[in-house]
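Protein chains: 2
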Amino acid sequence: MLPFRSLAWTGHSLRLLDQRRLPHVTEYVECTTVAEVAAAIAAMTVRGAPAIGVAAAYGVVLAAQAVTDFDSLPAVLQTAAASLKAARPTAVNLAWAVDRLLQVSGPDLATWQARLLAAAHRLYQEDAEINYQIGCQAQAVIPNEATVIHHCNTGALATVDYGTALGAIRVAAEQGKKLMVYLDETRPRLQGASLSAYELLAYGIPFRVMVDGASGHLMRTQKVDLCIVGCDRVAANGDVANKIGTYNLALAAKAHNVPFYVACPLSSLDLTTPHGEAIPIEERDSREITHIGDRPIAPLGTPVYNPAFDVTPAAYVTAFITEKGLVYPPYGETLPRLREMLS
Amino acid sequence: MLPFRSLAWTGHSLRLLDQRRLPHVTEYVECTTVAEVAAAIAAMTVRGAPAIGVAAAYGVVLAAQAVTDFDSLPAVLQTAAASLKAARPTAVNLAWAVDRLLQVSGPDLATWQARLLAAAHRLYQEDAEINYQIGCQAQAVIPNEATVIHHCNTGALATVDYGTALGAIRVAAEQGKKLMVYLDETRPRLQGASLSAYELLAYGIPFRVMVDGASGHLMRTQKVDLCIVGCDRVAANGDVANKIGTYNLALAAKAHNVPFYVACPLSSLDLTTPHGEAIPIEERDSREITHIGDRPIAPLGTPVYNPAFDVTPAAYVTAFITEKGLVYPPYGETLPRLREMLS
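Protein sequences appear in the order of chains A and B.
Taking the numbering used here, I'd label the letters of the first sequence as residues 292 to 634.
Taking the numbering used here, I'd label the letters of the second sequence as residues 292 to 634.
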């Protein structure tokens, strides 16, 4: 039993683990309105593309539950959906989850509200199952004694449970595989040093945290079996948007012939985005770089370049690890075909 | 006139700018014994390979000045040299500067002491001149309107004045070139975000600080004219030891056909080191990664991998920028020949 849970429906509100206070404080916040959910997503109280998607679904539920008259519900849902989608522009799961709830309807207000809640619960349940499946599928490429590099946080904190890349590592450990996991600390928000370290300590999996700039040196001087990362969006051609620093890791992996895997649910695949150039890259507040908490680390007035994500071209991805199995190049053919088979 | 000075001889002691307190506090510490100098080098009160070398030379002077009897001087100098060299194992300038002082001798104690001081002063003066020359030589490869990526701190704070890679940027600005400098923040010690930002603000040169993991994304999405870094040691074959993260930057530069220059004095060239594998790589305290100042950023008990330097293979270096001019491949031939011409 995990000592934490990224998000949960309380019966009347959405309870979120406040990830900005981790790893030192395990504290939850309660959202009772869609505005609170959107604000929590924007502020990264909840983070990780899959967790954001499920949180946004419950945000739609909260918006619907505040409505008392049937006729106004459609407009309220549209407004809620727009505000939630605007909270973080890069992850596709958010828009995908919200759109799934917009497809729900009902003959009367109470039924419609109940169906929305049921749809959000289904997303929650599916996310846990899909992530566990991703972890199982990944075992095909994780050897029994493996040295693995991981970027950002992609675990149970970023999802409903298990997670994508870190979930694959957790399933490997549960199956008795011996692992050494190198965690990129993942500047600027240090999700690796704080969140992924918090998870791996909880699971008892051996790991070391390193600065993001050390991955090339590690691969040049020691045997690394694979890199595994999650993603925020996969374009139709296989280009991957993920946390800033992913592309530098992929470049280092390529130079050392280390396989580079992207673990993600098929919901991360956005066939309407032809390639990486079409993915909007969020730029975040310069304080993420100039400060650690309240402590300034740069001189006053330091200008900053702070893209939150980067795009790793498809050519750097050895395979995608999805809940339905591994997907290999040419992604321009294999990814659409896979999505077609499932729809 | 600069508002700071990395190191200066006061007449009876070595005054060091305490770089651990930068960028917020400009404060100096005074070393009156060789032990204090060695401790300041190990603690990174003074940092940057050239500044360390000059500081160590004055450390030898302080050791000699504490001696009152001629016969004991040689042994004292040997002990002082060993303790200084042990303070930081990677940079070659340190051993080189100390060895240069060990070649000094005199017919009596006072003369010997005076010659040691004069030799240290010469190193100080030479460092300032050599660095300015490096900056001038670099202008051949810095276009008039240039976007430049720089790693760590290699400026006046890391040397007696000007510095190597950052000195090249400063000379370019002094010559009226329009620059935009992207500074890798350079985890774990953030020399880019703190020290290089402090310098570029002082010089009025436009810049932005970014996380180390953003360089690939920057090069993939914007025109970058060159990367320029300093170094701690160059092996005979052209392999370069420099601050961790340099190699990842070089990998990204190579992938985007962005020239990657290493600016360094010829004293960084160590012909007794055949290649990068022979360079000892210092591993530093895990607190550099788990804490920012006193603030923990990782959970208690987080294990760490913290190499302070990495090795960039010669194949990734477009050219070395030295005080005598640019050096191009094949480095296994050009570097030894250059050194030969000068000795």
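Just so you know, even glycine gets a beta-carbon here, dropped at the ideal spot from N, CA and C.
Per DSSP, the beta-bridge partners of Y552(A) are I519(A) and A610(A).
With fewer than 16 other Cβ atoms inside 10 Å of its own Cβ, T301(B) counts as exposed. Taking CB atoms only, L470(B) has no neighbour in chain A less than 8 Å away. When the Cα atoms are used, I570(B) and A532(B) turn out to be separated by approximately 7 Å. With the criterion set as a beta carbon lying under 8 Å from some beta carbon of chain A, the members of the segment 472-496 of chain B are Y473, D475, E476, T477, R478, P479, L481, A484, S485, A488, Y489 and L492, in sequence order.
Residue range L400 to A429 is occupied by the alpha helix (DSSP H) that includes E420(B).
Under DSSP, the beta-bridge partners assigned to E436(B) are K469(B).
Counting of Cβ neighbours within 10 angstroms places E321(B) among the exposed residues, the total staying below 16. DSSP links L305(B) through a beta bridge to W300(B) and C322(B). Residue-level contact by beta carbon fails for T445(A) and chain B, as no gap is shorter than 8 Å.
From the listed residues M471(B), G467(B) and N444(B), the smallest Cα separation to G458(B) is found for N444(B). DSSP places I583(A) in the strand class (E or B) of the three-state scheme. Counting only the Cα atoms, A409(A) lies some 12 Å from G397(A). Chain B has no Cβ within less than 8 Å of the Cβ of F295(A). Using a Cβ-Cβ cut-off of 8 Å, H315(B) is close to P587 and P590 of chain A, given in chain order. Per DSSP, T537(A) lies in no beta strand (DSSP E) segment; the continuous alpha helix (DSSP H) that holds it begins and ends at T537 to A546. M632(A) sits exposed, since fewer than 16 C-beta atoms from the chains shown fall within 10 Å of its C-beta.
Taking 8 Å as the threshold, the shortest C-beta distance from H441(A) to chain B does not fall below it. Within chain A, no C-beta atom comes less than 9 Å from the C-beta of D561(B); the nearest is roughly 19 Å away. In its chain, beyond the 5 residues on either side, S485, L486 and Y489 have a beta carbon closer than 7 Å to the beta carbon of L313(B). Around the beta carbon of H303(A), fewer than 16 other beta carbons sit within 10 angstroms, so the residue counts as exposed.
For P550(A), the closest C-alpha among the options R499(A), R578(A) and T609(A) is that of T609(A). When C-beta distances to chain A are compared with 9 Å, the residues of the segment 494-526 of chain B below that value are P497, F498, R499, V500, M501, V502, D503, G504, A505, S506, G507, H508, L509, R511 and T512, in chain order. In the three-state scheme derived from DSSP, where H, G and I count as helix and E and B as strand, H442(A) is classed as coil. DSSP places M501(B) in the uninterrupted beta strand (DSSP E) bounded by F498 to M501. Judged by DSSP in its simplified three-state form, E574(A) adopts strand. The C-beta of S363(B) has fewer than 16 other C-beta atoms within 10 Å across all chains shown, which makes the residue exposed. In the three-state reduction of the DSSP assignment, P341(B) falls in the helix class, which pools H, G and I. The three-state secondary structure of N384(A), taken from DSSP, is helix. By the 16-neighbour rule on beta-carbons within 10 angstroms, Q482(A) is buried. About 12 Å separates the CB atoms of L557(A) and L617(A); that is not less than 8 Å, and the two are not in contact. Within the segment 397-416 of chain A, not one residue has a Cβ closer than 7 Å to any Cβ of chain B.
A straight-line Cα-Cα distance of about 23 Å links S559(A) and R478(A). Judged by DSSP secondary structure, T603(A) falls within the beta strand (DSSP E) whose first and last residues are F600 to T603. Inclusion of Y552(A) and V432(A) in the CB contact set at 8 Å is warranted, their separation being smaller than that value. Secondary structure at G567(B): helix, using DSSP grouped into helix, strand and coil.
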